[in-house]
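Enquirer: The sequence shown begins at 1 in my numbering and counts up by one. Before anything else, here's the structure in question.
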Amino acid sequence: MQKTLGAALLLLSCTFGFTQQAKQIIIDTRNLALVFSIQPNKKVTQSYLGNKLMSGDYSKISGGGEIYPAAGMEYQFEPAIRMLHADQNPSLELQYVSSSGSRQENNVATTNIVLEDPVYGTEVILHYTSYYNEDVIKAWTEIINREKKAVELTEYASSFLHFNADEYWLTQFHGDWAREMQMVEEKLTNGIKNLESKLGTRTNFYQTQAFFLSLNRPSTETEGEVLAGTLAWTGNFKYTFEIDQRNTLNLRSGINSFASEYFLQPREVFTTPEFIFTFSDHGKGQASRNLHRWARKYGVLNGSEGRMTLLNNWEATGMKFNETRLVELFDEAKNLGVDLFLLDDGWFGNKYPRNDDKAGLGDWIEDSTKLPSGIGYLVKEAEARGIKFGIWLEPEMVNPKSQLYEQHPDWILKLPNRPENYGRNQLVLDLCNPKVEDFLFNTVDRLLTENPGLAFIKWDCNRSMTNQYSPYLKERQTHLFVDYTRAWYKVLQRIRSKYPKLPIMLCSGGGGRTDYGALKYFTEFWPSDNTDALERVYIQWSYSYFFPANTISSHVTDMGKQSLKFRTDVAMMDKLGYDIRVQNLSPGELEFSKEAVKTYKRVSNVIWFGDLYRIESPYESDRAVVMYVNENKSRAILFNYHLNTRRQDIFNRVKLQGLDPAKKYRLEEINLFPGTRSIQPDNDKLLSGDYLMKIGLNLSPGRTNPLTSNIYELTEEGARF
Ligand code: DGJ
């Protein structure tokens, strides 16, 4: 039986990915197809994007928009590419040359389509990697200069897609510091809508590059056709949604070309970042599950491995600590039962000690007043208590009050003839300069070699670029944004080739960097400095559309005014951590928290690796309900949050999702506060998946007090975990 199955799988997998049929190129996954047609005039057009046909025969649809429209000839809308040739001719014509396919593994295939300009020889290679089981496609482009002199690129998209629907609904996520991922949905009208960032660093400060595009009508969690897209790029990005005169929507995605004309030398290749997308005809929920499955396997470092629970000291102590205080905190971490203590900002600087955010950045040596025995001592003390030790860094930045600034004034981005411009009293280092690249790598490498027990890094980046000028780039200033991001990736690649597994948290003044270009090198990210648990319900909900739970760091803090139970239940929805003074907890709160950590460790595999079902949206009612179901549907964890509920709110029964209708599940309320009992009428009952999904549960029995919450565990009858 096993053998037959294996053979069938092999046969199936050999037929997906890239197929060339007469004049068509078909890229497909388990449920999706992207079909390109080669036209008689050698243009390649996108004839179809959507659910796969059972027959696999797309020959009757052969038209569509160009797959990579170039500016300068007949195309008059926003182009995928625009360039000036060496002779300043501003036109490009891209004709089909060849296509090929390759298989990276059973589940992953890449299609390459080569286009060329017949006069100037400019080569454009479009790549599409398809992930069969996850229904995800990744698209990126290479542009090659075949002329004898440099050419100038003024537009260089990663990908270009066309849609034909009656209406287009765009869901985007914008915000600010401590207000990340505010969701807005709007109907697109004729003309252009751009989503973009021009910030250089901390590029998600106001806007993220993750979006949904619903076709015909707004999609819900379970219904509607929707594309979920995001760009794997930590620098400036731009999406252009243009509805043309025929109501076709053209979607250009890629690096933002703002102030970024790029000069390509002869034979030089410009490689764009990857645009990652999935398509679902069952609404946003399925789209998210596709992305989560893809991300854990292919998009995030150690994505299918466990994560450490931790105690962080940022909100609890700020920069006011010393060695003795920290060792006390290690005892608190041990008492709580978490795996790691994370020392935040404020541990470095001697000539200019880091006692506030005005000094010290760049001088990555322990402050000998605060930490006379050094980091090695802290690692040892933590290890002696059975916990690990991690540390905060912000290697790309410098305070003017630092030795680094005094020694290397030319290592800093700043305009000639203009005053310096500060953000959080700091400046951005010129990462385009290879010496700065080495400095970043060496900073991390030295810390890790000198302290081999160091088990975790939080990599911060607290400002965006202003005063955008690289002394190193000289006359090539328009390369700054692109080269900075590429140099950052080079540093991370060097770190990862020496330290492939070390967990590193991606942080940027809250959620200023949250993208899959970075997450290849990071294990998790910091979503927001807003840790008020009520706010976090919304923020984490929004991130969950695009990122799996094991990447979304969520700490119990004192910021919100809610009960410890509510704050803990919110943090447990994603990757649990703490940032509180444990010694200030009452005996009951301490007992609850210690149990909560144990409970989280027992159930976290379901949260991290299960399928997420968002059942009740906080954006639509005074309640949020989400659940995770493990792969074989034997176990589920259900989170229920009453938000700013009012007496007049009516909460109906909640129909669960994702369970096996044929299985029976025991329902148990977990994470109860000591001395309290569950008032859930179905607590401890055995209920079929069918019942739970058709009749559902009353998750709001009794009075629905504001800011209260419950966590339930559902376990298949007879199963033991
Ligand atoms: C911004 C981060 O988001 C915070 O968590 C904290 O690490 C501070 N920086 C430290 O300066």
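Where is the CB? At the ideal position from N, CA and C, for every residue including glycine. Predicted, not measured: the structure shown is a model, and the values here were computed from it.
Looking only at DSSP bridge pairs, what is Q39 linked to?
Expert: According to DSSP, which records beta bridges pairwise, Q39 is partnered with nothing at all.
Enquirer: Could you check whether the region 216–227 touches the region 255–273, counting it as contact only if at least three pairs of C-beta atoms, one from each stretch, sit closer than 8 Å?
Expert: With a cut-off of 8 Å, the region 255–273 and the region 216–227 do not count as touching, because too few Cβ pairs lie within range.
Enquirer: Looking only at its chain, what residues have a beta carbon closer than 8 Å to the beta carbon of N313, apart from the 5 residues adjacent to it on each side?
Expert: Within the same chain, N313 has close Cβ partners F321, L326, L329, F341, L342, L343, D344, D579.
Enquirer: Please name the residue, chosen from G101, Q46, E155, W140, that lies closest to E78 on a Cα-to-Cα basis.
Expert: Out of G101, Q46, E155, W140, E155 has the C-alpha closest to the C-alpha of E78.
Enquirer: With Y712 and I670 assumed to form a contact (beta carbons below 8 Å), what rounded beta-carbon distance in angstroms separates them?
Expert: Contact holds; Cβ gap of about 7 Å.
Enquirer: Starting from the C-beta of V108, find all residues in its chain whose C-beta is less than 7 Å away, skip the five residues before and the five after it, and write them out in chain order.
Expert: Once the five neighbours on either side are set aside, the close Cβ partners of V108 are T129, Y131.
Enquirer: Identify every run of the beta strand (DSSP E) within the region 60–121, keeping only runs that are complete inside it and at least 3 residues long; order them along the chain.
Expert: DSSP runs (the beta strand (DSSP E)) wholly in the region 60–121: 81–84, 95–105, 108–116.
Enquirer: Is any heavy atom of the ligand DGJ found at a distance shorter than 6 Å from the C-beta of G175?
Expert: Checking the Cβ of G175 against the ligand DGJ gives no.
Enquirer: Which residues mark the beginning and the end of the beta strand (DSSP E) in which L643 is found?
Expert: Where L643 is concerned, there is no enclosing beta strand (DSSP E), given that its DSSP letter is neither H nor E.
Enquirer: Could you check how far apart the C-beta atoms of Y68 and A86 are, in whole angstroms? I think they sit under 8 Å.
Expert: In fact, because the Cβ distance is near 21 Å, the residues do not count as touching under 8 Å.
Enquirer: Below 7 Å CB to CB, which residues in the same chain sit around E167 once its five sequence neighbours on both sides are set aside?
Expert: Only K187, N216, R217 meet the Cβ criterion.
Enquirer: Starting from the N-terminal end, write out each residue whose C-beta falls within a distance shorter than 6 Å of any non-hydrogen atom of the ligand DGJ.
Expert: The set, ordered by position in the chain, is W314, D344, D345, W392, D460, N462, C507, G509, G510, W526, D529.
Enquirer: Can you tell me whether D356 sits near the ligand SAH, meaning its C-beta is under 6 Å from at least one heavy atom of the ligand?
Expert: Here the bound small molecules are the ligand DGJ; the ligand SAH is not part of this structure.
Enquirer: Which residue or residues does DSSP assign as beta-bridge partners of S554?
Expert: Answer by DSSP bridge pairing, in chain order: L576.
Enquirer: For Y691 and M572, what's the separation of their Cα atoms in angstroms?
Expert: Looking at the two C-alpha atoms, the distance is approximately 27 Å.
Enquirer: Let me know the secondary structure DSSP gives S604 once reduced to three states.
Expert: In the structure shown, S604 sits in a helix (DSSP, three-state: H, G or I).
Enquirer: With DSSP as the reference, label R424 as helix, strand or coil.
Expert: R424: coil per DSSP, three-state reduction.
Enquirer: How long is the line joining the alpha carbons of E717 and G349, rounded to whole angstroms?
Expert: Spanning the two alpha carbons is a distance of roughly 58 Å.
Enquirer: Restricting to runs no shorter than 3 residues, where is the beta strand (DSSP E) found entirely within the region 428–461?
Expert: With a minimum length of 3 residues, the continuous beta strand (DSSP E) runs that stay inside the region 428–461 are 454–459.
Enquirer: Identify, in the order they occur along the chain, each residue of the same chain with its Cβ nearer than 8 Å to the Cβ of L415, setting aside the five sequence neighbours on each side.
Expert: So the list reads N467, Q468, Y469, once near-sequence residues are dropped.
Enquirer: Whose C-beta lies closer than 6 Å to the C-beta of N451 among residues of the same chain, with five residues either side of it excluded?
Expert: Closer than 6 Å at Cβ, skipping near neighbours: I375, G376, V379.
Enquirer: Taking one C-beta from the region 486–496 and one from the region 506–516 each time, how about it: are there three or more such pairs within less than 8 Å?
Expert: Result no; under three Cβ-Cβ pairs closer than 8 Å.
Enquirer: Looking at the secondary structure, which residues open and close the beta strand (DSSP E) in which Y128 lies?
Expert: Note, Y128: beta strand (DSSP E), 123–131.
Enquirer: Distance check for N31 and A7, CA to CA, integer angstroms please.
Expert: Legend: pLDDT at A7 = 29, less than 50; position of this residue unreliable, no value from coordinates given.
Enquirer: Check whether the region 616–627 and the region 580–587 are in contact - that is, three or more C-beta pairs closer than 8 Å.
Expert: Contact between the region 616–627 and the region 580–587 is absent, because fewer than three Cβ pairs lie under 8 Å.
Enquirer: Could you check if M54 is buried or exposed, using at least 16 other CB atoms within 10 Å of its CB as the buried criterion?
Expert: By the 10 Å Cβ count, M54 comes out exposed.
Enquirer: Whole angstroms is fine: what's the gap from G702's alpha carbon to N640's?
Expert: Those two C-alpha atoms are separated by around 14 Å.
Enquirer: Give the DSSP-derived three-state secondary structure of I365 in the structure shown.
Expert: It is coil, neither helix nor strand.
Enquirer: Using alpha carbons as the reference points, say which of K594, E437, T189 lies closest to L672.
Expert: Closest by alpha carbon: K594.
Enquirer: For S494, which of helix, strand or coil comes out of DSSP?
Expert: Sequence inspection shows Arg at residue 494; the Ser mentioned does not correspond to that position. If DSSP states are grouped into helix, strand and coil, R494 belongs with the helices.
Enquirer: Can you list, in chain order, the residues of its chain whose CB lies under 6 Å from that of E524, leaving out five sequence neighbours each side?
Expert: For E524, where only same-chain residues beyond five positions count, the Cβ hits under 6 Å are M505, T551, S553, K575.
Enquirer: By DSSP's criteria, Y239 is part of a beta bridge. Which residues make up the other side?
Expert: For Y239, which the question treats as bridged, DSSP gives the partners L195, S253.
Enquirer: So, at 7 Å on beta carbons, what are the nonlocal neighbours of E406 in its own chain, with the 5 sequence-adjacent residues on each side left out?
Expert: Nothing meets the Cβ criterion.
Enquirer: At which residues does the alpha helix (DSSP H) containing R146 begin and terminate?
Expert: Note, R146: premise wrong, no alpha helix (DSSP H); not H, not E.
Enquirer: What does the Cβ neighbour count give for G191, buried or exposed, with the cut at 16 atoms within 10 Å?
Expert: It is exposed - the Cβ of G191 has fewer than 16 other Cβ atoms within 10 Å.
Enquirer: Mind checking if K694 is an interface residue toward chain D, Cβ cutoff 7 Å exclusive?
Expert: Absence of chain D from the displayed structure is noted, only one protein chain being present.
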